[in-house]
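Residue numbers (this note's numbering): -9 to 254. Beta carbons: idealized from backbone N, C-alpha and C, even for Gly. Okay, so here's the structure we're looking at.
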């Protein structure tokens, strides 16, 4: 059946709320870090703030959400790729923070609220929006490997950035006073599980019992995360089919999508 005017309006409102929350959180963090004295200059602060995959993902999720405000039934190659990519990435962001990073997070002030937005509201709100509003069917099997492009670009940047000495900004919420000021030049990585020298010559290990040091330990962690990401992508592909009652996406470049496309 065709999507009703009420359904389209509700989808637009939902995506607009989610996009606003994500955009506001990232913009607030940018403003805060660009104006703090302990950042080694506004440019240094912004570079470090934009380095974690969390921020990359929240920015891309906001872009997708704003596009769905404009057209809740959007369907094109770029959208299909970005929708699958951002769904998987934001799911991993929320999962890893909940299971690995949340216990070590040192938050204060407005950072409490921006952290809530980028690590909880946006991740799980995005997944919920996909389940409720779709649009679907949109996913094809080739997206299972195409969705790895953005993480690959991010990893390339991260290891290139980590290979040179940089000065990380101070963390005003840190309990250790030495971490509240501009750091010393170092090989910096945004997450402990990809830092080859995080502790005892190795990263924070994600697999119990594994103690491999250096970049070999990092590679094991990344292999685990990638495997989980591909599994999650398969689940989203299956849900896209299931919630579309088995329908497959319309081949792009041929017949335009008809008004009676399956909608939730």
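Alpha carbon to alpha carbon, how far is residue 103 from residue 207? Give it in angstroms, no decimals.
-> Just so you know, the alpha carbons of residue 207 and residue 103 end up roughly 33 Å apart.
Please list, in chain order, all residues of the same chain as residue 246 whose beta carbon is under 8 Å from its beta carbon, the five residues on each side excluded.
-> For residue 246, the predicted model reports a pLDDT of 45, less than 50, meaning its position is unreliable; a value from the coordinates is still stated below. Counting only Cβ-Cβ distances below 8 Å, and skipping sequence neighbours, we find 240.
Three or more beta-carbon pairs under 8 Å between the segment 175 to 191 and the segment 29 to 44, yes or no?
-> With a cut-off of 8 Å on Cβ pairs, the segment 175 to 191 is in contact with the segment 29 to 44, counting three or more such pairs.
Leaving aside the five residues before and after residue 72 along the sequence, list all residues of the same chain whose C-beta is less than 8 Å from its C-beta, in chain order.
-> The answer, listed in chain order, is 50, 53, 54.
If you compare alpha carbons, which of 93, 14, 31 is closest to residue 156?
-> Of all alpha-carbon atoms in 93, 14, 31, the one lying nearest the alpha-carbon of residue 156 is that of 31.
In the segment 198 to 254, which residue ranges form an unbroken alpha helix (DSSP H) of at least 4 residues, counting only runs that do not cross its ends?
-> Within the segment 198 to 254, the complete alpha helix (DSSP H) runs of at least 4 residues are 204 to 232.
With respect to the alpha helix (DSSP H) encompassing residue 103, which residues constitute its N-terminal and C-terminal limits?
-> 101 to 106 is the extent of the alpha helix (DSSP H) around residue 103.
Residue 64 vs residue 125 beta-carbon contact at 8 Å = Yes, Cβ-Cβ distance for residue 64 and residue 125 is below 8 Å.
Count the other CB atoms within 10 Å of the CB of residue 128; is the residue buried (16 or more) or exposed (fewer)?
-> Per the 10 Å Cβ criterion, buried.
Buried or exposed for residue -9, please, with buried defined as at least 16 other CB atoms from any protein chain shown within 10 angstroms of its CB.
-> Bear in mind that the predicted position of residue -9 carries a pLDDT of just 40, short of 50, making it too unreliable to give a figure here.
Residues near residue 266 by beta carbon distance below 6 Å, same chain, minus five either side | Any property of residue 266 remains undetermined from this structure, which presents the chain solely from -9 to 254.
Alpha helix (DSSP H) segment containing residue 76, residue limits | DSSP places residue 76 inside the alpha helix (DSSP H), whose first and last residues are 67 to 86.
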